[in-house]
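The next block holds one structure in the form of structure tokens; read it before the comments.
2 protein chains.
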Amino acid sequence: MLKNSLGRELPEYIEGYGKVRPYQGAFVEAEKSSQRAAARIPRSAKRGQSKAVSLEEALDRIGLRDGMTVSFHHHLRNGDRVTNLVMEAIARRGVKDIHLAPSGLFACHEPLVPLIEDGTITQISVSTFGAGPVAQAISAGKLQKPAILRTHGGRPRAIENGELHIDVAFVAAPSCDAQGNMNGSHGPNACGCLAYSYADVRHADWVVAVTDNLVEYPCCPVEISEDLVDYVVQVDSIGDPAGIVSGAMKVTTDPARLAVAQRAADLLDQAGYIREGMSFQTGAGGISLAVASKIRDKMLEKEIRGSFGVGGIHGYFVKMLEEGLLRTLWDVQCFDAEAIRSIAQDPRHIIMSASQYANPENKGCVVNQLDIMILGGFEVDTDFNLNVITGSNGVIMSASGGNADTAAGSKISVVVSNLMKKGPRCLIKKAVTTVTTPGETVDAVVTDKGIAINPRRTDLLEALKDSGLPLVDIRDLQKLGEELGGIEDHPQFGERIVAVAEYRDGTVTDVVRQVL
Amino acid sequence: MLKNSLGRELPEYIEGYGKVRPYQGAFVEAEKSSQRAAARIPRSAKRGQSKAVSLEEALDRIGLRDGMTVSFHHHLRNGDRVTNLVMEAIARRGVKDIHLAPSGLFACHEPLVPLIEDGTITQISVSTFGAGPVAQAISAGKLQKPAILRTHGGRPRAIENGELHIDVAFVAAPSCDAQGNMNGSHGPNACGCLAYSYADVRHADWVVAVTDNLVEYPCCPVEISEDLVDYVVQVDSIGDPAGIVSGAMKVTTDPARLAVAQRAADLLDQAGYIREGMSFQTGAGGISLAVASKIRDKMLEKEIRGSFGVGGIHGYFVKMLEEGLLRTLWDVQCFDAEAIRSIAQDPRHIIMSASQYANPENKGCVVNQLDIMILGGFEVDTDFNLNVITGSNGVIMSASGGNADTAAGSKISVVVSNLMKKGPRCLIKKAVTTVTTPGETVDAVVTDKGIAINPRRTDLLEALKDSGLPLVDIRDLQKLGEELGGIEDHPQFGERIVAVAEYRDGTVTDVVRQVL
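These protein sequence lines are chains A and B, in that order.
Start counting the first sequence at 165; every next residue gets the next number (this note's numbering).
Start counting the second sequence at 165; every next residue gets the next number (this note's numbering).
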């Protein structure tokens, strides 16, 4: 067994995964030179031949077979129909041992569970996960090989350097022409952009566009271009609009949560981060949007303008762009209808690849320019390590997404939450179930019961010493949780490793074991 | 010696170039599978470190040394200051044996001649060439190794598959931020787009942006993104606006030339190419624009709308876009101020990479979707082979550019010219000085003395047999030229090979020898 620098014990080798590189620090691996993988360019369509074929014909021509790795992107979110459609077609052919490597999976992918059970799918790699049947099946030990949970930056890193070789990338395309020029911003099932698929498209042997909106050549705008696409498959529907966009996201109205959000904004202001040219990212949860709303209040009050909002983009960022409070938006994924509307028409709303967003191994990523990150998370430990993968029952609920990437890149990363959550369970534990985001990259935890600053941030502690903010030791918050009756969960895990949590650089922060 | 399928004798091996693959037909090599080169990702700027350095500092950090290959792009055309600036800095360091591999060189690059003479530059590869001192120096045998003249599609093919490995790509950036996000469409020296540099940027070991317009992060729009850029160098001026854009291009007013243009439009119409959804490309010369103007008249008369204009984009195409006669423009380079204005604001004016434009080895290029191509050229032979490289005195005047690419891809390619040109010299020769574009891809030659259709195009001959158009045998046009007193040039060539003319697939159509 190995022990990584987070104190987690890991096997040196995991069957079905390979040799384990233990996590040794957030910025160790990123200093090394590397090389991109050499992509194959198969001769697919000859000159004058149409690329528009049926799904079956595409699978025939590719020679889809046992053991291949196929990928998808998750911009259609919980409305995606393409992954199920293609995987069911693969299963009907009797193909087995597929490595399914989409950027994300959601509850709508329940039809994949029988394909896991019958060995059509034996491995899964993702960088974002919606809680639901597939995640539960993995936790229950149904997948033959361990799932690999990467970060949003770690996935394109692994694709670009060849760690994750994709045989066939399928791209759900809201608009596409018969040569494969496509975009995500137009069409009846517009999802905004297709940015998580860019690395796939450049590095997969084969690229197949799947569209329900075949348009006249050339499709305009061109988000992914024909020189990278082998086949175009037309289907009835790529998605369910109701699942593609989340409902209109609203700032929480709960006074207690609003108060925590206000406290977070006060912390950021007093520490000097609310300033001209600032940038920030928040998730789309109620409390995250509440922090965004409080930051907006401060910006209006101070008459300052920020440079960019980044990440999955939601209507609240669009509003700030249109108000002139943010000069630009960096978008890797649209969360809601407002974001999709904006990306289709506003040139200040810029698409970036997932590699540009967060890959630590390229020549520079946007998260490194980010000032403020409001982090989500299920659990925090007294070393500030974050768990965004497993719930308190030990079952996989999510994957890292951009959490570890933005925590590492941003100038200040803050977890904002009530101390006591449903159960009651305390946010802060002596040890988290699964380490996703190393504590060395998490700067503060803001709760209704006080603000804990990471002791590594002596600069922050100094800046805030006379602020009047209720600074507390994180260990005291943990003890307070016990006193307030926080339940300690003790999920029963077996020995079997069902998932490997990779840091953005490909080292392992933790493993997830089967829930008995 | 080898003989290629064009009947040209070639050595099997050329010192300083390597093994010769003889041209065997326009579509032979394009059927093979291939592999992209694996790009290196050096660790340049560490997190938090600025990429903005002086040119000297960038050269130091890169470790620029003898024998390296450096590249530039030619969108600043005859106003470019960056190539000279960087090459002179390299020469000052005493570095020798540089392979200079820009997409194009113009008369403004005269200061490179002394660097050729002193061995700083020993090899040059380009895909477009303006007549002038550098081309003359090559023809005079001053360059140590043979120049490699590629097509606009052949260049990105060679970069992508590793035939042309670039150590350092310099990108002249009309707008750029300190992280390397840049565009060609904004700024005091806007040139439209930077599309010829995209292959360089993805495959070079090192990428250096050179800008005179450093803007706030993030630069918007983002044409080339920070994840691909190592350093950003600020200079006083990247170019001379007067040289960046050609003067306003005008349709010829010469009645004889207008009559030839009308004849070309009549041919295209009667052969069925002027139709709803049609696409076309013309150069920006007076007679080419005259053909565009006659095509426009036909489109107005027939009340049809085209799908796209493509290529180097000029104001005439912009006008047709804005009139609604073309639905989109595919742009790889802006020729004039109108094109630059349009690309900065009109989303129907789409940028494509040079690979997407014309690379025969990727998964599909735009020239393969092109209906009509109006070709330029210095000489045509009786096999319809075109010479766009050497003038009648044997001196290099240009390079293939998109000529061979579009001839191969388009449904009909037409040379339009008066039969007798200045001298007087006849357009049509028994043999051209240098074969650039194989006759099997050239469909018609339209002159004031008659229209010659390539006998391979039996379909065209059939379609036009009752058209009333003056169809003639190309050999009769050649003889007529002799009768009209056309001068036969006999330039004196030495044995030494000074340039190799590569077809788009990397095979050799011809070599250019030293002019004595």
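The beta carbon of each residue, even a glycine, is placed where N, CA and C say it ideally should be.
Keep in mind it's a predicted model, so treat the numbers as computed, not measured.
Buried versus exposed, by CB contacts within 10 Å (16 or more), A:Tyr395: Under this definition A:Tyr395 is a buried residue.
Contact under 7 angstroms by Cβ, B:Pro385 with A:Pro511: It is a contact, given that the beta carbons lie within the stated cut-off.
Neighbour list for B:Phe444 in chain A, Cβ cutoff strictly below 8 angstroms: Near B:Phe444 there are no residues of chain A at all, since even the closest Cβ is about 14 angstroms away, more than 8 angstroms.
Three-state class that DSSP yields for A:His316 in the structure shown: A:His316: coil per DSSP, three-state reduction.
Identified DSSP bridge partners for B:Cys340: Beta-bridge pairing by DSSP links B:Cys340 to B:Met346 and B:Leu378.
Nearest-angstrom Cα separation, counted from A:Leu358 out to A:Arg660: Those two C-alpha atoms are separated by around 35 angstroms.
Where the alpha helix (DSSP H) containing B:Gly479 begins and where it ends: In the DSSP assignment, B:Gly479 falls within the alpha helix (DSSP H) that extends over Gly479 to Glu486.
Chain B within 7 angstroms of A:Asp164, Cβ atoms only: There is no way to answer for residue 164 of chain A, as the model of chain A reaches only from 165 to 680.
Chain B contacts from the stretch 383-394 of chain A (Cβ-Cβ distance under 8 angstroms): Going along the stretch 383-394 of chain A in chain order, one finds Cys384, Pro385, Val386, Ser389, Glu390, Asp391, Leu392, Val393 and Asp394 with a Cβ nearer than 8 angstroms to chain B.
Below-7 angstroms beta-carbon distance, A:Phe472 vs any chain B residue: In terms of beta-carbon proximity, A:Phe472 lines the interface with chain B, with at least one pair separated by less than 7 angstroms.
Of the residues A:Pro275, A:Val609 and A:Cys340, the one placed nearest A:Ala425, counting alpha carbons only: In this structure, A:Val609 is the residue among A:Pro275, A:Val609 and A:Cys340 with its C-alpha nearest to the C-alpha of A:Ala425.
Test: A:Thr315 CB closer than 7 angstroms to a CB of chain B: At a cut-off of 7 angstroms between beta carbons, A:Thr315 makes no contact with chain B.
C-beta atoms of A:Val596 and A:Asp545 nearer than 7 angstroms: Taking 7 angstroms as the Cβ cut-off, A:Val596 and A:Asp545 qualify as a contacting pair.
Reference B:Ala368; option with closest CA among B:Leu625, B:Val679 and B:Pro206: With distances taken between Cα atoms, B:Ala368 lies closest to B:Pro206.
Chain B within 7 angstroms of A:Ile651, Cβ atoms only: Closer than 7 angstroms to the CB of A:Ile651 there is not a single CB belonging to chain B.
Member of A:Leu633, A:Ile178, A:Val192 and A:Val664 whose CA lies at the smallest distance from the CA of A:Ala423: The option with the nearest alpha carbon to A:Ala423 is A:Leu633.
Residue span of the alpha helix (DSSP H) that contains A:Val599, given as start and end: From DSSP, A:Val599 is part of no alpha helix (DSSP H); its letter is neither H nor E.
Contacting positions in the stretch 491-507 of chain B - beta carbon closer than 8 angstroms to chain A: Under the 8 angstroms Cβ criterion, the stretch 491-507 of chain B contributes Arg491, Thr492 and Trp494.
Simplified DSSP state of B:Lys466, which is helix, strand or coil: DSSP, reduced to helix, strand and coil, places B:Lys466 within a helical segment of the structure shown.
Status (buried if at least 16 other CB within 10 Å, exposed otherwise) for A:Thr284: So A:Thr284 counts as buried.
Nearest-angstrom Cβ-Cβ length linking B:Gln199 and A:Arg204, presumed shorter than 8 angstroms: The pair is a contact, with the Cβ atoms about 5 angstroms apart (cut-off 8 angstroms).
Beta carbon proximity, A:Lys527 to chain B, threshold 7 angstroms: Yes, because at least one Cβ of chain B sits closer than 7 angstroms to the Cβ of A:Lys527.
A:Arg677, buried or exposed, once every other Cβ within 10 Å from all chains shown has been counted against 16: Burial call: buried.
Identity of the residues DSSP links to A:Glu183 by a beta bridge: The residue you asked about is not Glu; residue 183 of chain A is Lys in the sequence shown. Beta-bridge pairing links A:Lys183 to A:Tyr177.
Proximal residues of chain B, C-beta to C-beta of A:Ala203 below 8 angstroms: Chain B residues near A:Ala203: Gln199 and Arg200.
Partner residues on chain B for A:Pro275, Cβ-Cβ distance less than 9 angstroms: Close partners of A:Pro275 in chain B (Cβ separation under 9 angstroms) are lacking, with about 30 angstroms as the shortest Cβ gap.
Beta-carbon spacing of B:Gly356, B:Gly243 below 7 angstroms: Against a cut-off of 7 angstroms, the Cβ pair of B:Gly243 and B:Gly356 comes out as no contact.
Helix, strand or coil at B:Ala295 [DSSP, three-state]: Assignment of B:Ala295 by DSSP, reduced to helix, strand and coil, places it in the coil class.
Within-7 angstroms CB hit, B:Arg229 to chain A: Chain A places no beta carbon closer than 7 angstroms to that of B:Arg229, leaving this residue out of the contacts.
Cutoff 7 angstroms: B:Arg185 Cβ touching any chain A Cβ: False, the Cβ-Cβ gap to chain A never drops below 7 angstroms.
Among B:Glu176, B:Gly189 and B:Arg172, the one whose alpha carbon lies nearest that of B:Thr605: Closest option to B:Thr605, Cα to Cα, is B:Gly189.
Exposure label - A:Val192; buried when at least 16 CB within 10 Å: By the neighbour-count criterion, in which a residue is buried when 16 or more other Cβ atoms sit within 10 angstroms of its Cβ, A:Val192 is exposed.
Rounded Cβ spacing between A:Arg505 and A:Met484 (contact assumed at less than 8 angstroms): Contact doesn't hold; Cβ gap of about 15 angstroms is too wide.
Test: A:Pro206 CB closer than 7 angstroms to a CB of chain B: Residue-level contact by beta carbon holds for A:Pro206 and chain B, with a gap shorter than 7 angstroms.
A:Phe334 and A:Val365 closer than 7 angstroms at C-beta: No. Outside cutoff.
Beta carbon proximity, A:Gln398 to chain B, threshold 7 angstroms: Chain B contact via Cβ: absent.
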